[in-house]
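FYI, this note's numbering numbers position 315 of the sequence shown as 333, with every residue one higher than the one before it.
Working notes, beginning with the structure itself.
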Amino acid sequence: MKMETITRLYCLLLSVFVLAQSQTATAQQTANQRPNFLVIVADDMGFSDMGAFGSEIKTPSLDKLASEGVRYTNFYVAPTCSPTRSMLMTGIDNHLVGLGCMYEYLAPNQENQPGYEGVLSTEVPTMAEILQANGYHTYMAGKWHLGKNKDHIPAARGFERSFSMLSGAGSYFSLNGPDEESTPNHFVEDNNYLDELPKGYYATKTFTDKIIEYIESNKGDGKPFLAYLAHQAPHDPLMVPKNYLRKYKGAFDRGWDVLRDERLERMVKMGILSEKTVMGERLWYVPGFDKLKPAAQVVTARKMEVFAAVVDYMDMEIGRLMDYLEKNNLRENTYIVFFSDNGPDVNDKASTYKNYPSTNNANWMAKTYTHGFQNWGRAESFTCYGPSWAQLSTAPFFGFKYTTYEGGIRSPLVVVTPDKKNAGQVNTEALMHVKDIAPTFLALAGIEQPKTFKGQAALAMQGKSWAQMLNGTSTSPRTDEDYLATELWNSKSLRKGDWKIVNVQVPTGTGDWQLFNVKEDAGERFDLAQSNPEKLRELLANWDQYMAENNVILPNRTPYDGMEDKLPPRPPVYAPDFSRGSELPTDKD
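Have a look at this one:
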């Protein structure tokens, strides 16, 4: 072979090698440039429980995130935690992925029905499984509540590393669950069920420790990550470290009525609400704070002091996580999403069990926890703040956890993009849902939604990607013709554009379909069902479509059954009187 030919062949092989190396490097660079995703979820936190949404509670870390990102005011979740978390993981309606009802309250006619297993279906991929299969590290720390068996724990659902409280609630300091039945197999790390917790365990701190530990373990390998930090806070039982017990002493001595009005005023100034917003109806069975005797005011204010301290401590730990990301140059390529899984809880479980002392849970709680005023917030207590203060957390809305009124399903949402686009803005127009998060992450990572899973056709994600909205090429992931619907325990709602229908069982609701323009009437004060029957019919037709497409089986038994006479009758919802303009009725009228 001539030397010239050899030289040409050598050059050709060299160029092919260089091109291959270049393509490999480019592919690696593309992979390395894929964004990280951090989801932080609070538990039972109300719409206005953070400073950036009008609260008097000190939340500087969340407020900083809000200043770096965008606050969204029309973000919807389910009325309780497991259904919300199932939709976060899958991008699909909870009735199709195993959480049509929470396993704790399954109705007889829902038993053995597909979509009502009470655990996250193993036939549907989670976003963690999809991202992991596409080169992502996947980490989870915190509350899971999507199944406790080996096939259903986070390690089996796509999380490479995980430290999880598997039940819906429990002590912040120990292995104790919310009740005797839930305590076995209550915690897991990776594939190992735990008989003891890390030294110095406090849920909010330890969950943050773990998510930082997991991110740190692979920090330098160039692979992107999904980190899911699911805080237990501020779910009851409310517990804080001793140095936080008195941090809010005296902060709530003016009571819920005054503070609700002040939150509304701040939200209007922030641009979160219209200046015409009328506060949602106060709970008719709760007395005015000023009607209580001074001693009773001090005692009941203590509960809110503890709740605020729990939120405050969570905020501090979120700040610690943000500091870690900053110091390790991980913020600049990370999307951060913060929201609450549902509205605040009105149930004072300690009082409920005290009134029904013969039940197993009451007996177990009496042996496990103390309920005295002096112990509220401590590790040995079971503290709940009850309906009086829950209506402060839910301001300006009516309703709470378990219901499909705005207070139960409309959550504060903060999204921070790597470029901090539109930092500090408030978006009051985009209609958004927890189902949107999974398809959004896949779109931002350049990953197609899977067509098959475990050899079967995969359900298509129903959520709408926010990718175009986040990069500024659209203003909302939905059109005025798209709707969002939810159902749990026969509490139903559907929102389409500015309009919403809702049907909640007595005693909290009316038991009939109500119609509200929630853009103008966020507090759901003015039922338009009688005056606008055409719009009601339109949305009811959408509701029928939703039920048919999402396997909704209305329960023949709910937790509300038998409660119709446990509370005083709810006063009629105000009829609209638009002749009064902005001078709409208030609770004083």
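Every residue, glycine too, gets a C-beta built ideally from N, C-alpha and C.
Please read all numbers here as calculations on a predicted model, not as lab measurements.
Check, Outcome
"Close Cβ partners of E158 (< 6 Å) along its chain, the five nearest in sequence each way excluded", "The question names Glu, yet the displayed sequence has Met at residue 158. Within the same chain, M158 has close Cβ partners P172, F177, S180 and Y246."
"Pick from R300, N92, I233 and A269 that is closest to R588, judged by C-alpha positions", "R300"
"Bridge partner(s) assigned by DSSP for N210", "E207"
"Beta-carbon spacing of L114, V452 below 7 Å", "no"
"Sequence-distant residues of its chain with Cβ nearer than 7 Å to P590 (five each side left out)", "none"
"Alpha carbon of F205 to alpha carbon of N379, nearest angstrom", "20 Å"
"Sequence-distant residues of its chain with Cβ nearer than 7 Å to A326 (five each side left out)", "I75, Y266 and A269"
"Of the residues T446, L488 and A476, the one placed nearest F459, counting alpha carbons only", "L488"
"Minimum length 4: unbroken alpha helix (DSSP H) runs contained in the stretch 163 to 204", "none"
"Inter-stretch contact at 8 Å, needing at least 3 Cβ pairs: the stretch 145 to 163 / the stretch 122 to 137", "no"
"A566: first and last residue of the uninterrupted alpha helix (DSSP H) it sits in", "P551 to E567"
"Limits of the unbroken alpha helix (DSSP H) element including R284", "G273 to M288"
"Cβ shell of E505 (< 6 Å), same chain only, five flanking positions each side left out", "V570"
"Own chain residues within Cβ distance below 6 Å of P255, not counting five before or after", "F400 and T401"
"Pairwise C-alpha distance: E499 and A319", "45 Å"
"Neighbourhood of Q125 by C-beta, 6 Å cutoff - its chain only, sequence neighbours within 5 removed", "Just to set this straight, residue 125 is Ala in the shown sequence, not Gln. Counting only Cβ-Cβ distances below 6 Å, and skipping sequence neighbours, we find P573, N574 and R575."
"Buried versus exposed call for A45 [16 or more other C-beta atoms within 10 Å across all chains shown]", "Only weak support is given to the placement of A45: the predicted model assigns it a pLDDT of 36, under 50, and the value that follows is read from those uncertain coordinates. So A45 counts as exposed."
"Collapsed DSSP secondary structure at T504 in the structure displayed", "strand"
"Cβ-based neighbour list, I229, same chain, cut-off 7 Å, excluding 5 preceding and 5 following", "Y157, A159, A245, L247 and L339"
"Minimum length 4: unbroken alpha helix (DSSP H) runs contained in the stretch 443 to 472", "455 to 463"
"Residue from R272, G541, M334 and T226 whose Cα sits closest to the Cα of K82", "M334"
"Uninterrupted beta strand (DSSP E) stretches inside the stretch 84 to 162 (no shorter than 3 residues)", "88 to 94 and 155 to 161"
"Spatial distance of N560 from Y501 (CA atoms)", "8 Å"
"Identity of the residue in S411, Y190 and A313 nearest M297 by Cα", "S411"
"Meets three-Cβ-pair contact criterion under 8 Å: the stretch 87 to 104 and the stretch 352 to 364", "yes"
"Where N508 falls, given that 16 or more other Cβ within 10 Å makes a residue buried", "buried"
"Residue range of the unbroken alpha helix (DSSP H) whose run includes R320", "P312 to K345"
"Contacting residues, own chain, Cβ-Cβ under 7 Å from S1 (five flanking each side not counted)", "Because the chain is modelled from 19 through 607, residue 1 falls outside the range shown and cannot be assessed."
"Option nearest V536 by Cα separation, candidates F416, P586, L431 and P97", "F416"
"Sequence-distant residues of the same chain with beta carbon closer than 7 Å to R496, five excluded per side", "L449 and K482"
"The stretch 196 to 212 in contact with the stretch 276 to 291 per 3-pair CB rule at 8 Å", "no"
"Any chain D beta carbon closer than 7 Å to V296", "Among the chains in the structure shown there is no chain D, since it carries only a single protein chain."
"Neighbourhood of L558 by C-beta, 8 Å cutoff - its chain only, sequence neighbours within 5 removed", "I519 and W531"
"As assigned by DSSP and simplified to three states, the class of V495", "Note on identity: in this sequence residue 495 is Pro, with Val being the wrong assignment. Here P495 sits in coil by DSSP."
"L410: first and last residue of the uninterrupted beta strand (DSSP E) it sits in", "Where L410 is concerned, there is no enclosing beta strand (DSSP E), although the alpha helix (DSSP H) it sits in stretches over G404 to S411."
"Nearest to D330 (by Cα), restricted to the options H249, Y123, K514 and R543", "H249"
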